[in-house]
Each structure stands twice: as C-alpha cells, then as structure tokens.
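Student:
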Amino acid sequence: MNLNLIFKEQTLKFNKEEQETYLFLQQHNNDWANIFKEMILQGRDKVTQRLVTSMHRENLVKTRTQSKKILSRDLIMLDISTTHILEIQFPQAKQTLYAPITGEHAFDRIDVEGPFYIKDDITNTITRVHHPNEILECILIEAPDLKNAASDQFQQDLINSATNMTFAMSYQALSMQHDSAPLFNIIENSEDSYLRSEQAIIEGHPLHPGAKLRKGLNALQTFLYSSEFNQPIKLKIVLIHSKLSRTMSLSKDYDTTVHQLFPDLIKQLENEFTPNFNFNDYHIMIVHPWQLDDVLHSDYQAEVDKKLIIEAKHTLDYYAGLSFRTLVPKYPAMSPHIKLSTNVHITGEIRTLSEQTTHNGPLMTRILNDILEKDVIFKSYASTIIDEVAGIHFYNEQDEADYQTERSEQLGTLFRKNIYQMIPQEVTPMIPSSLVATYPFNNESPIVTLIKRYQSAASLSDFESSAKSWVETYSKALLGLVIPLVTKYGIALEAHLQNAIATFRKDGLLDTMYIRDFEGLRIDKAQLNEMGYSTSHFHEKSRILTDSKT
Numbered sequence: 000m001n002l003n004l005i006f007k008e009q010t011l012k013f014n015k016e017e018q019e020t021y022l023f024l025q026q027h028n029n030d031w032a033n034i035f036k037e038m039i040l041q042g043r044d045k046v047t048q049r050l051v052t053s054m055h056r057e058n059l060v061k062t063r064t065q066s067k068k069i070l071s072r073d074l075i076m077l078d079i080s081t082t083h084i085l086e087i088q089f090p091q092a093k094q095t096l097y098a099p100i101t102g103e104h105a106f107d108r109i110d111v112e113g114p115f116y117i118k119d120d121i122t123n124t125i126t127r128v129h130h131p132n133e134i135l136e137c138i139l140i141e142a143p144d145l146k147n148a149a150s151d152q153f154q155q156d157l158i159n160s161a162t163n164m165t166f167a168m169s170y171q172a173l174s175m176q177h178d179s180a181p182l183f184n185i186i187e188n189s190e191d192s193y194l195r196s197e198q199a200i201i202e203g204h205p206l207h208p209g210a211k212l213r214k215g216l217n218a219l220q221t222f223l224y225s226s227e228f229n230q231p232i233k234l235k236i237v238l239i240h241s242k243l244s245r246t247m248s249l250s251k252d253y254d255t256t257v258h259q260l261f262p263d264l265i266k267q268l269e270n271e272f273t274p275n276f277n278f279n280d281y282h283i284m285i286v287h288p289w290q291l292d293d294v295l296h297s298d299y300q301a302e303v304d305k306k307l308i309i310e311a312k313h314t315l316d317y318y319a320g321l322s323f324r325t326l327v328p329k330y331p332a333m334s335p336h337i338k339l340s341t342n343v344h345i346t347g348e349i350r351t352l353s354e355q356t357t358h359n360g361p362l363m364t365r366i367l368n369d370i371l372e373k374d375v376i377f378k379s380y381a382s383t384i385i386d387e388v389a390g391i392h393f394y395n396e397q398d399e400a401d402y403q404t405e406r407s408e409q410l411g412t413l414f415r416k417n418i419y420q421m422i423p424q425e426v427t428p429m430i431p432s433s434l435v436a437t438y439p440f441n442n443e444s445p446i447v448t449l450i451k452r453y454q455s456a457a458s459l460s461d462f463e464s465s466a467k468s469w470v471e472t473y474s475k476a477l478l479g480l481v482i483p484l485v486t487k488y489g490i491a492l493e494a495h496l497q498n499a500i501a502t503f504r505k506d507g508l509l510d511t512m513y514i515r516d517f518e519g520l521r522i523d524k525a526q527l528n529e530m531g532y533s534t535s536h537f538h539e540k541s542r543i544l545t546d547s548k549t
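The sequence shown begins at 0 in numbering that gives the first Met the number 0 and counts up one residue at a time.
1. Return the CA-CA distance between TYR281 and LYS306, expressed in angstroms with no decimal places.
2. For HIS130, name the three-state secondary structure that DSSP assigns.
3. When you compare each of LYS7, ASP252, LYS540 and SER547 to THR404 by their alpha carbons, which one comes out closest?
4. PHE323: which of SER53, SER455 and LEU194 sits nearest, CA to CA?
5. Report buried or exposed for LEU477, applying the criterion of at least 16 other Cβ atoms within 10 angstroms of its Cβ.
6. What does DSSP give as the partner residue(s) for VAL111 in the beta ladder?
7. What's the gap between the Cα of MET0 and the Cα of ASP44?
8. Can you name the start and end residues of the alpha helix (DSSP H) that GLN424 belongs to?
9. Where does MET0 fall in DSSP's three states?
10. Tell me, please, which residues DSSP counts as bridged to THR502.
11. Taking 8 Å as the limit between beta carbons, can you name the residues of its chain near GLN41, skipping five residues before and five after?
12. When DSSP labels each residue in this structure, what does ALA180 get in the three-state scheme?
13. State the beta-bridge partners of ARG245 as determined by DSSP.
14. Mapping DSSP to helix, strand and coil, what is PHE414?
15. Measure the alpha-carbon distance for LEU24 versus LYS211 and round it to whole angstroms.
16. Along the chain, where does the beta strand (DSSP E) that runs through MET284 open and close?
17. Can you tell me whether ILE482 is buried or exposed, with buried defined as 16 or more other CB within 10 angstroms of its CB?
18. Roughly how many whole angstroms lie between the Cα atoms of MET512 and PRO181?
19. Measure from the alpha carbon of ARG542 to the alpha carbon of each residue in GLU518, GLU493 and ALA525, then state which is nearest.
20. Judging by CA-CA distance, which residue of ASP73, GLN290, PRO131 and ALA400 is the nearest neighbour of LYS233?
21. In whole angstroms, what is the alpha-carbon distance linking THR52 and VAL111?
22. Does the contact criterion of 3 or more C-beta pairs under 8 Å hold for the region 117-133 versus the region 181-191?
23. Return the residue from the list ASN277, ILE236 and ASN270 that minimises the CA-CA distance to SER257.
24. Does TYR338 pass the burial test, meaning 16 or more other C-beta atoms within 10 Å, or should it be called exposed?
25. With a Cβ-Cβ cutoff of 9 Å, do LEU507 and LEU434 count as a contact?
26. Quick check on DSSP: helix, strand or coil for ARG324?
27. What first and last residue would you give for the beta strand (DSSP E) that runs through PRO231?
28. What number of angstroms, rounded off, separates the C-alpha of GLN65 from the C-alpha of SER150?
29. The alpha helix (DSSP H) spanning ARG43 covers which residue range?
30. Please confirm if the region 353-363 is in contact with the region 386-398, defined as three or more CB-CB distances below 8 Å between the two stretches.
31. From LEU135 to ASN14, what does the alpha carbon distance come to, in whole angstroms?
32. May I have the straight-line CA-CA distance separating ASP191 from PRO431, to the nearest angstrom?
33. Using 8 Å for Cβ pairs, my map puts PHE89 next to GLU141. What's the rounded Cβ distance?
34. Please classify TYR402: is it buried, with 16 or more other beta-carbons within 10 angstroms of its beta-carbon, or exposed?
35. Going along the chain, which residues of its own chain have a beta-carbon closer than 8 Å to the beta-carbon of ILE5, five neighbours each way excluded?
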C-alpha cells in the first residue's frame, strides 16, 4: 500500500434541511441545538454506514467485487480504532473508500461504522467523508445510467434521513444525559415498558439508508409525531357517512366493536352533537392529526362541506410507535393499538393504508386464530398473534378507479388488540427491534442484559453458552409459529423485528412471542383453500393472495 497520503481537512457545512432543523432547535432549546451541531457528523455517518453495507451486500457497481479487507495499521494517519478496514475501489471515479469494520458475518456480510474516509487516487489526497451523498456521487460515476429522477430523489432522501438521524440522536443525548443504567433496566422500570421500548429505537431501520426518512414533515412535525421524541398525540375523531365507507370486523359488527373498544366515546360524542343527530348514519374513524390537516381538508373538502365527513372536537391521547403510523395508548389505558394512513414518505414508502389491509386484517385474524386453536402442532410453542379486530376505509363508488383507490388508501383505520390485554403482570413486553438498541451513556444493549440475567438465574458458566441457549428459546418460539404456517397452510407471515412484541421473564428468557400486522404477509391461495379455508371473502384488490411458489 502507498503510505504517502496527504490528509486534507474539510470545513463542515450545514445543508438546507440541517440548517432549518438547527434554527428550529435554537428557537426552542439552545442546549439541544448545540448538541445537534456537535453530532452532525455522527448522524450522517449512521446513514453512510447503511449505504456502504447495502451497496456492498448487493454488489452495487461491483463494490463487493472491487473490495478487500486491509489492516488499519496501514492507515495509521487516520482516526480508526478497529483492526480491519473495508477498502472499496471506484475505478471510474478514481476514488477509494475506507470503512472501519466492526463485525463480520456469514454470506460475506459486514458491519462498518464511521468515520469514513475517501482517497483521491490521482493526488493521494485523503479526506473524511462528510455526507453519504459523497458515496452516491461515486456510485453514479461508476454507473452513469443510474443518474435519473430516481437517483435525484434518493439524494434528497439521504439528506432528509441524515438530518433526522442527527435530530433523533441529539434528542436522546439531551433527554438521557442523567441516565447511566442499562437500557433494558430503564425499559423494565418504565410505567409502560412496551411503549418505552418503541421509543428507545433511535436509529430506525438497521440496514436501510432511508432509516430516518420523514419527507413531508418539517422539524416541528417530526418532533411532534415521531416515536423517539415521546410526545403525546391527539388523534382526531371523524364521523364518516356509512355510504362513503367500507368496514370489516372480527366478530361483532363494526360499530358495536368500536363502542366496546372505546366505551366512553359514544357518550362524549352524544354530548358534543345535537340531540337530533343520527349516529346510525355514520361510522367512527380515527385520523392522524397530520393527515387531517394536510390531506382530509384538501382531498375530501367536498364531503366535509356536505356533512358526509364530520370532524368531532373530541380527541384521543396516543403515542407514536416505531412505525410512525401505528399508535398506542399509554399504560394503564387499555384502548386498542391503531394503524392509520399518513401521506408521509418513511423508509422508502408513502405510508398510506391499503383498502385490503383494513378489510383483510380481521378476516386473516379469524383464520389464524382458528388454525392456532385447532392444530396441535402449535400447542408446544410460546407464540401467537395479535388480533386485528376492526377496520374501516373511505370508499366512494362514484370515484374513478385510480382516484377511488387513492382516496380510499388516504383515509383508513385499523384497530388492533392492546398487548396489555394479553400478557401476565410479571413479564416485560418489548418490541424486538429494541433488543439491540443502546444509548450514549451505557452501551449495553437489552439483549445482552437479558442474556446476563439468564446466565445468572440458570447458574451457567459463561456468556457464550448462555447466549446460545437464549437464542434457541427465542428462535423456537418464533419459528414454531412461522414455519408450520407457511409449509402446511401457505401463510407466510412478515414476522420481522418490528412486526412482533416479545415478553420476557424475570430470569431473562423469552416468555411469549406475539406476531402482529398482516398487511405484508403472503398467502398461497390454493394451498390455504385445500386446507379448508376460503379466501373468497377477501378484498377484491388483495395483494396478499398469490399463486406464485417463489
């Protein structure tokens, strides 16, 4: 390796989105603003990390083929604490990227972390990578055909994601500056452990460069509506005329179900509206306040003017979960979890709610519960599902096809059973995504704390064997539900970390795994039908039904 490198310092500059967020913080909390400024490179590096591992994993522009592992001592002039560095060549750009390696896994998967460095192969000048878009520029030089409207959007996505990463990380550093206990202890001792675990996932998706994408929101809205900022959200109650809606429920009819979910709501609404108002003509729908302000009053104003959609004054106090559009009440409240439509661009998608989701959720719940009750194969596994009990979406049959779908997906509500109605008092419920979370003042992740507890409770000699046993217990519960459903019934659950809630015992072991959210599952229609379950009543636009075997 050529060691005659010249290190070139660069001036750190805010981009427009960072400047706007910084100015917002200066107006509200100067200490937070200063922390945000100090952490700009850390936030950007978190997104660069995801971009580098993604392009290496997918061999984008041959970045895995043209990479190798080198020793960090060969680059002693750089601030790198790891033993090895991933070196990636960009021959057309005449640039070389250096990414510190923090972990290596099967299938040539690697973990990297900042700071990242890039070398000009002509001048031997080396500089610190200041933003993930510097890597994107190299990619586009290697493959000019990729430069188009999509790459321009991705460039803006990286700016937005990196800004919000710093926004979230700086809030955590500010709000937890007096904490020092392991994160699991903080979660366990919270009034609402489950909600606190959702709020603990500061960095978002561990692999996606758009992990903190919040396009469509300004800094204030991001603060008010994102889970990591722990803010109560006043969900809006809307009455929608029955002729402009489609409903589905698990057992009783939709209105009866909603009345049971919110027993005091009808009395409150009756007090708000005139005595001659006919509630029987309307269904109750919950709407996110952002969606109401930015979408309902523009795309549905005609229906509002005709009193076919009526906004009530009453609101519900909820908190955002990790997924942004799934919101939960704070314990001890037992109201349902609610999944809503939001026209916000998050982790690569506009997060509206499809018609088939609100319609099929209760139907899918009915089928899954019947299978789990009748098939003895599931009895030996500590896993189950969380019921989706009712759904509603806007539907105007007079709208033309594409417009009808768009308006239906922008206004929908799905009610899901509250996890605290399903678990014993002595366990700690958590979203599994939080198992690997940390915070600046204690680097011990919850999964490590739980394994240590198990090691102590079981009097095991070493951490490694304890970890193996812990993972076996966890995996058995998860796979015991997922594998038989797909092999025997053709139901492929989307049972990733965000789509589950796990409860843990005092000894650190998993108690029960609960799988939720049936929007992204897939069903082999023929196989499920052969097992005696009809899909004829599923939504006519169902994307979850397939005849494909791949």
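Glycine residues also receive a C-beta, built at the ideal position from the N, C-alpha and C atoms.
Tutor: Taking the geometry as given:
1. On the sequence shown, residue 281 is found 282 positions in, with the first residue counted as 1. On the sequence shown, residue 306 is found 307 positions in, with the first residue counted as 1. TYR281 and LYS306 have their alpha carbons spaced roughly 10 Å apart.
2. As a working mapping, residue 130 is identified with position 131 in the sequence shown. Of the three classes helix, strand and coil, the one that applies to HIS130 here is coil, per DSSP.
3. If you number the sequence shown from 1, residue 404 lands on position 405. For the residues LYS7, ASP252, LYS540 and SER547, the minimum Cα distance to THR404 belongs to LYS540.
4. Translated into positions along the sequence shown, residue 323 becomes position 324. Ranking the options by Cα distance to PHE323, first place goes to LEU194.
5. To locate residue 477, count along the sequence shown from 1; it is residue 478. The residue in question, LEU477, is buried, as its Cβ has 16 or more Cβ neighbours within 10 Å.
6. Working through the sequence shown from its first residue, we reach residue 111 at position 112. Note: VAL111 sits in a beta bridge opposite ILE100.
7. Locating residue 0 in the sequence shown gives position 1, counting from the first residue. Locating residue 44 in the sequence shown gives position 45, counting from the first residue. At MET0 the pLDDT is 47, less than 50, meaning the model places this residue with poor confidence; the figure from the coordinates comes in the next sentence. Distance between the alpha carbons of MET0 and ASP44 is about 26 Å.
8. The residue labelled residue 424 in the question sits at position 425 within the sequence shown. Neither: GLN424 is in no alpha helix (DSSP H) and is coded neither H nor E.
9. Numbered from 1 along the sequence shown, position 1 holds the residue referred to as residue 0. Only weak support exists for where MET0 lies, its pLDDT of 47 falling under 50; the coordinates are left without a value.
10. Here residue 502 corresponds to residue number 503 of the sequence shown, with the count starting at 1. Beta-bridge annotation (DSSP): THR502 is paired with PRO428 and THR511.
11. Locating residue 41 in the sequence shown gives position 42, counting from the first residue. The residues are GLY113, THR165 and MET168.
12. By 1-based counting over the sequence shown, the position of residue 180 is 181. Looking at ALA180 - three-state DSSP - the assignment turns out to be coil, as it is neither helix nor strand.
13. Counting from one through the sequence shown, the residue named residue 245 turns up at place 246. For ARG245, DSSP records a beta bridge to HIS392.
14. Here residue 414 corresponds to residue number 415 of the sequence shown, with the count starting at 1. In this structure, DSSP gives PHE414 an extended state, which the three-state scheme calls strand.
15. Here residue 24 refers to the residue found at position 25 of the sequence shown. Here residue 211 refers to the residue found at position 212 of the sequence shown. Roughly 18 Å separates the two Cα atoms.
16. As a first step, residue 284 must be located in the sequence shown, where it is residue number 285. Counting along the chain, the beta strand (DSSP E) containing MET284 begins and ends at 281-286.
17. Within the sequence shown, residue 482 is the residue found at index 483, counting from 1. With fewer than 16 other Cβ atoms within 10 Å, it is exposed.
18. Here residue 512 is taken as the residue at index 513 of the sequence shown, counted from 1. Here residue 181 is taken as the residue at index 182 of the sequence shown, counted from 1. Cα-Cα distance, rounded: 23 Å.
19. What you label residue 542 is simply residue 543 of the sequence shown in a count that begins at 1. The candidate whose alpha carbon is nearest that of ARG542 is GLU518.
20. Walking along the sequence shown from the start, residue 233 turns up at place 234. Scanning ASP73, GLN290, PRO131 and ALA400 for the CA closest to the CA of LYS233 turns up GLN290.
21. The count along the sequence shown starts at 1 and reaches residue 52 at position 53. The count along the sequence shown starts at 1 and reaches residue 111 at position 112. Their Cα atoms are separated by approximately 7 Å.
22. Three or more Cβ pairs closer than 8 Å define a contact, and the region 117-133 falls short of that threshold against the region 181-191.
23. Along the sequence shown, read from residue 1 onward, the residue named residue 257 stands at position 258. Correcting the residue type first, residue 257 is Val in the shown sequence and not Ser. Of ASN277, ILE236 and ASN270, the residue nearest in Cα terms is ILE236.
24. Position 339 of the sequence shown, counted from the start, is the residue given in the question as residue 338. It is Lys, not Tyr, that sits at residue 338 in the sequence shown. LYS338 is buried by the Cβ-count criterion.
25. Taking the first residue of the sequence shown as 1, we reach residue 507 at position 508. Taking the first residue of the sequence shown as 1, we reach residue 434 at position 435. Leu is not the amino acid found at residue 507; the sequence shown has Gly there. In this structure, LEU434 does not lie closer than 9 Å to GLY507 by Cβ.
26. Locating residue 324 in the sequence shown gives position 325, counting from the first residue. ARG324 sits in coil when the DSSP states are folded into three classes, being neither helix nor strand.
27. On the sequence shown, residue 231 is found 232 positions in, with the first residue counted as 1. In this chain, the beta strand (DSSP E) harbouring PRO231 covers 231-240.
28. Residue mapping note: residue 65 aligns to position 66 of the sequence shown, counting from 1. Residue mapping note: residue 150 aligns to position 151 of the sequence shown, counting from 1. Going by the C-alpha atoms only, they are around 22 Å apart.
29. To locate residue 43, count along the sequence shown from 1; it is residue 44. Annotation for ARG43: the continuous alpha helix (DSSP H) segment containing it runs 39-57.
30. Between the region 353-363 and the region 386-398, the count of Cβ pairs shorter than 8 Å is three or higher; the stretches touch.
31. Residue numbering aside, residue 135 sits at position 136 when the sequence shown is read from its first letter. Residue numbering aside, residue 14 sits at position 15 when the sequence shown is read from its first letter. Taking the straight line from one Cα to the other gives about 16 Å.
32. Translated into positions along the sequence shown, residue 191 becomes position 192. Translated into positions along the sequence shown, residue 431 becomes position 432. In this structure, the straight-line span from the alpha carbon of ASP191 to that of PRO431 is close to 15 Å.
33. In the sequence shown, residue 89 corresponds to position 90, counting from 1. In the sequence shown, residue 141 corresponds to position 142, counting from 1. Indeed, because the Cβ distance is near 6 Å, the residues count as touching under 8 Å.
34. Within the sequence shown, residue 402 is the residue found at index 403, counting from 1. Exposed.
35. Stepping through the sequence shown from its first residue, residue 5 is reached at position 6. When the five nearest sequence neighbours on each side are left out, the beta carbons in the same chain lying within less than 8 Å of the beta carbon of ILE5 are those of THR122, ASN123, THR124 and ILE125, in order along the chain.
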